[in-house]
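**Student:**
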Amino acid sequence: MNRSLALVSALALLAACGEPLQPLRPAPRPPEPFACDPAATPPAVESLQWKRVAAFTADLEGALELTGDTLCREIDRIDCEAVHLVALGGNDALGAAQYTVVASPLATTPAAVDRVVLSACENAVARDAAGAPRVFTDLPPTDAPADAALAERQAAALYRRLLARDAAPDELAILAELTVDPAGAPRSAREVDVLTCFSIGTTAEMVLF
Numbered sequence: 001m002n003r004s005l006a007l008v009s010a011l012a013l014l015a016a017c018g019e020p021l022q023p024l025r026p027a028p029r030p031p032e033p034f035a036c037d038p039a040a041t042p043p044a045v046e047s048l049q050w051k052r053v054a055a056f057t058a059d060l061e062g063a064l065e066l067t068g069d070t071l072c073r074e075i076d077r078i079d080c081e082a083v084h085l086v087a088l089g090g091n092d093a094l095g096a097a098q099y100t101v102v103a104s105p106l107a108t109t110p111a112a113v114d115r116v117v118l119s120a121c122e123n124a125v126a127r128d129a130a131g132a133p134r135v136f137t138d139l140p141p142t143d144a145p146a147d148a149a150l151a152e153r154q155a156a157a158l159y160r161r162l163l164a165r166d167a168a169p170d171e172l173a174i175l176a177e178l179t180v181d182p183a184g185a186p187r188s189a190r191e192v193d194v195l196t197c198f199s200i201g202t203t204a205e206m207v208l209f
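Take 1 as the starting number for the sequence shown in the numbering used here and just add one per residue.
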């Protein structure tokens, strides 16, 4: 009699005698529910990183569907990236013999960020106004007064393009104020497109990660 037949015979005998069959392997224990230890040390806060010039301009170009020569140019001759290289976190090895980047943003960094983003937004709006809109499709840039509902949809779309996330309701409520000027007069769709793009593109979330 081989082993398999002997095992079957033994199991049949135990069943006939009314003995409960024991599992060949013990049943796995259910996992214990996860619980936070109140006395545990919280994780260390991660430091924010400065999104330097190459990553910053690449994100702008991708979000607004621009190229390096249409993003921003000073006096229509020199790329803003070259003019504001150091302020945006780069190093100028050839022009200034600066072989390492600055450790943190400079006093001129906010102005350089504003300059590049404003130019990029204006260029993208001008391109969409001259032809079929590619970025500002919810609120096409025209001289007509901006529709509030369309402006909100455009702001939500720009949040996804520039920050890769959905906008919170309070963020959209703040941007809705851009549809009128300080005197309460309605702004044109073109103006609202530029201002909305600039407002989102210059947030700390855009320049840090």
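C-beta: ideal position from N, C-alpha, C; glycine also.
1. Is Arg190 helix, strand or coil when you go by DSSP?
2. Are three or more beta carbon pairs between the segment 199 to 209 and the segment 110 to 117 nearer than 8 Å?
3. From the DSSP output, in three-state form, read off Pro145 for me.
4. Where do the N-terminal and C-terminal ends of the alpha helix (DSSP H) with Asp69 fall, by residue?
5. List the residues that DSSP assigns as beta-bridge partners of Val223.
6. Between Leu158 and Thr196, which are expected to be in contact by the criterion C-beta below 8 Å, what is the C-beta distance as a whole number of angstroms?
7. Do Gln104 and Pro145 have their C-beta atoms closer together than 9 Å?
8. Indicate whether Leu208 and Ala120 have their beta-carbon atoms separated by less than 9 Å.
9. Taking 9 Å as the threshold (C-beta atoms), are Asp193 and Leu139 in contact?
10. Between which two residues does the alpha helix (DSSP H) carrying Asn123 extend?
11. Kindly examine the ligand ADP and report whether one of its heavy atoms sits closer than 8 Å to the Cβ of Phe209.
12. What are the residues that DSSP puts in a beta bridge with Glu74?
13. For Pro42, count the other beta carbons within 10 Å of its own beta carbon; 16 or more makes it buried, fewer makes it exposed. Which is it?
14. Within a Cβ cutoff of 8 Å, which residues of the same chain sit near Tyr99, ignoring the five residues on either side of it in sequence?
**Tutor:** From the atom records:
1. When DSSP states are grouped into helix, strand and coil, Arg190 belongs to the helix group.
2. yes
3. strand
4. Gly68 to Leu71
5. Given a span of 1 to 209 for the chain in the structure shown, any question on residue 223 remains unanswerable.
6. 6 Å
7. In the sequence as displayed, the identity of residue 104 is Ser instead of Gln. Not closer than 9 Å, so no.
8. no
9. yes
10. Start and end: Thr109 to Ala130.
11. Because no ligand of any kind appears in the structure shown, any question about the ligand ADP cannot be addressed here.
12. Ile78
13. exposed
14. Excluding positions up to five away in sequence, the list reads Asn91 and Ala93.
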